[in-house]
Each structure stands twice: as structure tokens, then as C-alpha cells.
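Protein chains: 2
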Amino acid sequence: MIYGHGDWSPLREEVLHDFATNICKATGLKGLREHLKEHLRERMELISIYPEPMAVPLREAVAEREGVKPENVACTSGATDAIYTIANLLRGIDGATIAIPTFTEYSDACSINGIEPFYTSSLSECGIHIAQSCWLCNPNNPDGKVWDREELETLIIANPDTIFIIDMSYGKLSRISVGKPKELIRHKNVVTIHSLTKHLGVPGLRIGYVVAHEGFIKALTAIMRPWAISSLGIEAGVWLLDHEENYSKAIKDYLEDSRILEGIGNLNGYKLKPSSTNFYLAECIFSDSRSLHSYLRHNFGIAIREAQNFRGLRPGHFRIAGQTREENLLLLEALKQYNLHYKSDL
Amino acid sequence: MIYGHGDWSPLREEVLHDFATNICKATGLKGLREHLKEHLRERMELISIYPEPMAVPLREAVAEREGVKPENVACTSGATDAIYTIANLLRGIDGATIAIPTFTEYSDACSINGIEPFYTSSLSECGIHIAQSCWLCNPNNPDGKVWDREELETLIIANPDTIFIIDMSYGKLSRISVGKPKELIRHKNVVTIHSLTKHLGVPGLRIGYVVAHEGFIKALTAIMRPWAISSLGIEAGVWLLDHEENYSKAIKDYLEDSRILEGIGNLNGYKLKPSSTNFYLAECIFSDSRSLHSYLRHNFGIAIREAQNFRGLRPGHFRIAGQTREENLLLLEALKQYNLHYKSDL
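Chains as they are written, first to last, in this note's numbering: chain F, 868 to 1213; chain B, 868 to 1213.
Structure below.
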């Protein structure tokens, strides 16, 4: 981590409505989380034994879910661990094309491993200047954009010597399908990254995985440290894979409720980018997001993710993730109030 | 991980007495573990929030315990994560002197990051051929050897351009003091690695830390991935630091009981290295450890750690860690029986 992040909610006092983290807040997932907690409470003796060094039980469960072989899967301590380990493996490769604005860690992990990052804001532009690795977030953080599938496929085929690392951490939180890893990895130059916890609202567990061609996974696991995932993490991961399907409607309902936030685009003084997910990138065009954040915190107990530290964004940008219907409506009202308040201050 | 490890106990069916893992088995620690489990059961809601990106609450607690500044501490997902991250930071450095036999991960982590390992079996020999990094395990795994403090200090002072990475993961399981990190890091070229869980018998949690000069820690944290330790891991770590002192006698008693294993040195057909810790490196001089292991498993339900895959060791080597007094005595008897059985088979 070279630059900071902004999302450790317990540190933020007085936050009543936390729109800042993009954790899935589907109320319908409460049952899943309660069952999982109960399951882990009963399996607490696992803290006394070493985890399986390469998380084999989880690896096998992921392979079954994704319809691939265990040899196509590597489990990691969250998606960020996957990003860093892949960058470590690619050390020596000639450059990284990174589509911005996006999650900062691709750039950090590449720089740390001596891979020079090149930034682009359009996929078609990539086609001309593409490096030996290309990092994409699909759907993208912070704007929830899903890359055009055909355009992406054309790019992958046209650049067989470039490795495409596609971070699908928010794939299960997308209204538009981002494709199945099983199909994507038919291209040997595609590597997909996944989170097991973001869409289920349990990011404290740190469980992620990588799906790729066997040769790539073999090279990746050879450089991975053993015991990367905690015993409880492995246990939780296997349990989640067994139970998450019962909750797909809860996520769907939540994604629909999150669309209330699209109303921001109709408010005076704000712009909003289209998003396929539970979170949105907005821009305040009359003030910076720091002042906006301070106003929302003080007057409404609302936290937003100031987004000015994403490369390629402006001081007015902020990211918000869907909460309950009522909270989403409250945010719209609060943003309206800020505009009025700001004008009255002029 | 390039070569495998041998210590995922749940996979080993029929194991009644697990001498293979070097987890601390002090019966007096049961109370600590039960309290910790209860504490984590009550804090299970933590799985729903992101961990603090750099584990700041744990970092501060470690600094207080070690009598150093938080700027001297970096927290990692277990000691192995520390080894890999340090090797990643040292990428480009000219070589690694590694004192063998020792934990395989120093060599693996260095090779992965393009640092060529050089092996030596004696510290004084190091003085002549030392590389720009020197990796020592103190007390050493697999033989429990504590490096002579004066000899080590002389080496550190004589080689100011070499970074000494001293893995003190078993430091709290040593009858001989290995020194305090606070004092060791007065030498700017010393970095110490610690485990928070090995001596307390909770390795499933994955919590470790590094203590070093501020400049080194600053460089290290800059390349570390955020959210490396799970929310429950951070919570458990802070709790353990608050409570572990009440259990130092339990560990001391256990280390005394483990000395029963020193009787192996008096058995016909076996050799034993002196050890300061709860585990010992032994050698069967009439058979390889694979056959010995198979016999012990089949006839006594005993697991040992075959040690032939440690660089520098022979087929007869095996490592055993102290269990209860009764189990330790059983192992002595079982080893005696194997010798008789082996002779009768000739």
C-alpha cells in the first residue's frame, strides 16, 4: 500500500449511515451472516491448528463452484493478496496498462515489483499502447462500470502476449453479467481475481481466489507463501460456497434498492456515472468532496468515500454505496440540502 | 512455497499423539485458549467490517509490549508473511546467507524474489562469505539451537552492509534468552520476526510482526498490502498481548516436561541435538525416518516430522515436539521398540 485507503468504519465516530465502504449491505443477508457466525463459534477450536498450507479444502470447493479443476484455482487472503502475489509473479514483465480511475492497489503492487504502470482511461486506447500486462476491474471500482464484453474479448485476442488480469471482486454485485471465469480463462492470457466476501458482507474474513490457466496457477502457487488463509477463513469460505446460492435474491433486491442513488444524477449541482453495481461514482460540481463530506457527517451522520485520491478523478468526486431504501433517500435529501446551504453561504 | 511442508494434522488420520507440529502443547495454556475463544465468539460481528488496513490497533499494542515505537513495528499475517514481504522488499540485494538446516521458507522467499541463497552450516564460516542479507532462525527450526549471542553480535557489527533477518518465532519457547528486539534493533542492520501465536498454541489465527529500525519499517509498510490481517486476527492479537503474561509459568512447565525427550539421546540407535525449545532434531542411525514414521503411526498412533526435506539433513533425521509427560515417555518407549523390531526383522 503506497497511498492510503478510506474505509475503516469503526474509526469514524458519529457515522450513522456509512455510504463510504462498498460492502454489500443487503438486509436479506443478515440470516446468512448470523448462520455463519454461529458456525464459526462452533468451530472455534480451529484457531489451535495450522491451516492447510495451500487452503486445499477451499481450493477444491471453489473449483467445484466455478466448474473448473482445482489446478485452475489459487486461494488467497482476500483479493488484495491476489493482486500483490500476481504482481510479484509478473516481476520483470514489460509494463502494466491500467485503466483508470480504478482501485489503487494494481498500480501500487506493480510499482513495488518493478513493473512500470501506464494509465489509460479508455479500453480502445489500450489496444494501441498496451503493455505486457493489463489490469482491469470489472465491474470497476470506483464507478461500477462493466467493460463491454465484445470489446474486451477483441482486445484479449488481439494481444496474446499480454496477460489480462481481470479483478471480478464485484462480479456478484453486478446487475450486468461480467462473464464466467471458466469461459474467460479459455484465453490462456486471462487471469481472474475474485472475492468470496464482498458480496456477502463479510470482508473481515479475508478470502479471495484466482482462476486461470493451469500453467499460470502452477507458477503462482509456487511463489505463494504457505498458510496464507487463517483456519477460520478456510472454514468460512467452504461454508459460504455451500450456502450463498440461497441468498442471490437478497442481493438482487438490494441492488434494486441501490438504484435509488441514481437520483443523484437528477439533483442540481451533481453528476453521476452509470453503474452496474451497488456503488456509484458521483461528482459535486460546486464544491470539493471534502467539504461535502464534512457537511454530511456533521448534519446527517453520513459518511461518503471522498474519491479525489483515485488517479484521474477531480476534487469533487465521491463514491457512495447503497444502504437501506430509507438511508438512500436520506442521502438524496442531504445532498439537496448541501446545495441549498452552499448557495446561502455565498 | 517451493517445497512442501508436513504439518497439517487434521489430514493425518489415526494420529493419537502428534509430535510432528511444533505448536506449543502446554496443558496450562488451555485456560488462555478457552478465554480467547469465548472472547472471539462474542466479537464475531467483526467479520462484517474491513480490518484496519495496516492493523494499527495491533501495531500499537505490539509496540507497547516490546517497548518500542509503533514506527518500529509492522504486523503481518503470521511470521511467514513477514518472511515473504521482507524478501520482496530486499529484491535486488546481493544474495542471502542462510544458516542450515533451517526453515525452508527463507530460501524459497529469497529465490522467488531473485535473491540468490548461499547456505552455510556455521556462523563463524558466515563471517567470511557473508552476503548482503543473512537469515537466521533463533532458536532455530528444526533443531532448537540458540545462536551464541556474542558471536552473533560480533558478526552483525563486522558486517554493517549486511541486513540480518532474525526469525525469533520460537523466542518465547526458549529456555535460553534470545535477547529483546528492542536491544537487537539498536543495530540498524537487524530486523527481527515474531509470532504471536506459536508459543500460545493458536497458529490458526495467522498473526506475526516485524520489529526493526524506523527506516526499514517505513520501507516495509510501503510495500505491504493493506488488510493483511483479518478482523478477528487483529482482535485476537490485541487480546493475547493483554493476557499472555499470566501464562508464562505454563510455558515454562511445558518446556521442562519436553526435556523428557532428551532421553532419546540415550537410546540405542538414535542421536539427538541439544535444543533450547520444545522441539528436538533427532536422527535414527539404523533406518530412515520415513520407515520409522510408518512404524510409529501404525503401532502407536504417533506422528513425527520426517526431516529429510530440510536442506543439509539426512534420511534418518526427524523432528519431534514435546507433548504431555505421558506422551513424551510413550515416544521414548516406541522408539526403543522400533529398534528391537528393526533388529528382529534383519
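By construction, the Cβ of each residue, glycine as well, lies at the ideal position given by its N, Cα and C atoms.
According to DSSP, residues forming a beta bridge with residue i
i: B/T947; result: According to DSSP, B/T947 bridges with nothing at all.
i: B/G1075; result: B/T943 and B/S1062
i: B/H884; result: B/I1169
i: B/P984; result: B/A963
i: B/V1057; result: B/F1031
Extent of the continuous alpha helix (DSSP H) run through residue i
i: F/H902; result: K897 to E909
i: B/L925; result: V923 to E933
i: F/L1196; result: R1192 to D1212
i: F/L1051; result: P1048 to L1051
i: F/L1128; result: It is not in any alpha helix (DSSP H) - F/L1128 carries neither H nor E in the DSSP assignment.
i: B/Y973; result: E972 to I979
Reduced DSSP secondary structure (H/G/I, E/B, other) of residue i
i: F/S989; result: coil
i: F/S1098; result: helix
i: B/P937; result: helix
i: B/K1138; result: strand
i: F/F1031; result: strand
i: B/F1083; result: helix
i: F/F1185; result: strand
i: B/R1016; result: helix
i: F/V1105; result: helix
i: B/Y1121; result: helix
i: B/A893; result: coil
i: B/N1113; result: helix
i: B/N955; result: helix
i: B/G1038; result: helix
i: B/P1070; result: helix
i: B/N1026; result: coil
i: F/L1159; result: helix
i: F/T1144; result: coil
i: B/E912; result: helix
Residue-chain proximity (residue i, chain B), Cβ-Cβ < 8 Å
i: F/G1217; result: Since the first residue shown for chain F is 868 and the last is 1213, residue 1217 of chain F is missing from the structure and cannot be characterised.
i: F/D961; result: no
i: F/I914; result: yes
i: F/S1062; result: no
i: F/P1070; result: yes
i: F/K1039; result: no
i: F/H1208; result: no
i: F/I1187; result: no
i: F/W875; result: Low confidence applies here, because F/W875 scores a pLDDT of 45, under 50, leaving its location unreliable; read the following figure in that light. At least one chain B Cβ lies under 8 Å of F/W875.
i: F/K904; result: yes
i: F/A1174; result: no
i: F/I979; result: yes
i: F/W1094; result: yes
i: F/Y951; result: yes
Nearest-angstrom Cβ-Cβ length linking residue i and residue j, presumed shorter than 8 Å
i: F/V1058; j: F/V1045; result: Incorrect: roughly 14 Å between the Cβ atoms, too far for contact.
i: B/I1127; j: B/L1196; result: 6 Å
i: F/G1011; j: F/F1146; result: 6 Å
i: F/A1174; j: F/L1180; result: 5 Å
Enclosing beta strand (DSSP E) for residue i [first to last residue]
i: B/I1152; result: Looking at the DSSP string, B/I1152 is not in any beta strand (DSSP E), and its letter there is neither H nor E.
i: F/G964; result: The question names Gly, but residue 964 of chain F is Thr in the sequence shown. Its beta strand (DSSP E) spans residues A963 to A966.
i: F/C1001; result: S1000 to C1004
Residue-level contact to chain F via CB, residue i, 8 Å cutoff
i: B/D948; result: yes
i: B/S1036; result: no
i: B/V882; result: no
i: B/T888; result: yes
i: B/I982; result: no
i: B/L1202; result: no
i: B/Y917; result: yes
i: B/R910; result: no
i: B/S944; result: yes
i: B/Y900; result: Note that residue 900 of chain B is Arg in the sequence shown here, rather than Tyr. It does: the Cβ of B/R900 has a partner Cβ on chain F nearer than 8 Å.
i: B/N955; result: yes
heavy atom of the ligand FAD below 7 Å from residue i C-beta
i: B/A946; result: Among the components modelled here there is no ligand, and therefore nothing to report on the ligand FAD.
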